[in-house]
Each structure stands twice: as structure tokens, then as C-alpha cells.
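Note sheet for the following structure.
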Amino acid sequence: MFHSEATTHDIRVRVHSRYVPERSDPERGEWFFIYTVEIANLGDVPTQLLSRHWIITDAEGHVQEVRGPGVVGEQPRLESGQSFTYTSACPLRTQFGTMHGTYQMVTDDGSRFDAEIAPFSLGQPHAIN
Numbered sequence: 000m001f002h003s004e005a006t007t008h009d010i011r012v013r014v015h016s017r018y019v020p021e022r023s024d025p026e027r028g029e030w031f032f033i034y035t036v037e038i039a040n041l042g043d044v045p046t047q048l049l050s051r052h053w054i055i056t057d058a059e060g061h062v063q064e065v066r067g068p069g070v071v072g073e074q075p076r077l078e079s080g081q082s083f084t085y086t087s088a089c090p091l092r093t094q095f096g097t098m099h100g101t102y103q104m105v106t107d108d109g110s111r112f113d114a115e116i117a118p119f120s121l122g123q124p125h126a127i128n
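Just so you know, the sequence shown maps onto residues 0 to 128 in numbering that gives the first Met the number 0.
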């Protein structure tokens, strides 16, 4: 399991990823990973997640960018002290890769900012990179 953590303007983003062998087919060049994200509001101002921007890089250096509204069909609003957790997936054509990005956030007072998603690895456990 791989993980990362970053805090931007009192929004903490923690990510844990893991390889899913039962959904992978290395002989066909398909590796499947899931990642669980916890977004926590550590501040005093309610904040809503509007959209996401992911940058996914495989072991051969191919980069894919994913943008869209919300996460898993939701645009969670986090009161002070609240958190939102979701799990999603990422297929790769290589055995290793990395992901990072930002969530576009807005506070109740109208301030907008990008909450950092720190880089984390996608990879098979016990494999050599």
C-alpha cells in the first residue's frame, strides 16, 4: 500500500492506494489499482469541493490528465471538522505509475483555491521499480 498527505488552506487530503491483482491481467498489459481518498476540513470555514484535476503518469512516462466536476458523482461540502472519504480506481498499461493533482474548492465566503493532492505511487507490492 502506498500513501500521501497534503494540507492546503486547512483542507487535508490523504490518499492510500493498492494493487488489485484479481482485476489485473499482466499478460495483456493491464494493471488495476484502487485508491481511497480522505478529504478533511481542519479549519473553521465550511468548504465545498467543486471539481478535480488528476495527473496520472505510467512507468513509460505517458501522462493522462483527468478533469471533471466533483468526485464519484458528488461535490461534498465539509463543515469544520468534517471529512469525506471515497474510493476510486485507476487502470494502467504498466506495472508502476504515479498520481497527483488538485481539488478545486470554494469556501462559504466565496474564496476559491486548489487543494493539493500530493503524489502517490501505484505499484505491485514487492515488485522492483
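The beta carbon of each residue, even a glycine, is placed where N, CA and C say it ideally should be.
The beta strand (DSSP E) with residue 7 in it runs from where to where? 1-7
Range covered by the beta strand (DSSP E) that runs through residue 68: 62-68
To which residues does DSSP link residue 96 through a beta bridge? 57 and 121
Can you round the beta-carbon distance between residue 57 and residue 109 to whole angstroms, since I take them to be within the 8 Å contact cut? 38 Å between Cβ atoms; not a contact.
Three-state secondary structure (DSSP) of residue 90: strand
On the criterion of 16 or more Cβ atoms from any shown chain inside 10 Å, does residue 67 qualify as buried, or is it exposed? exposed
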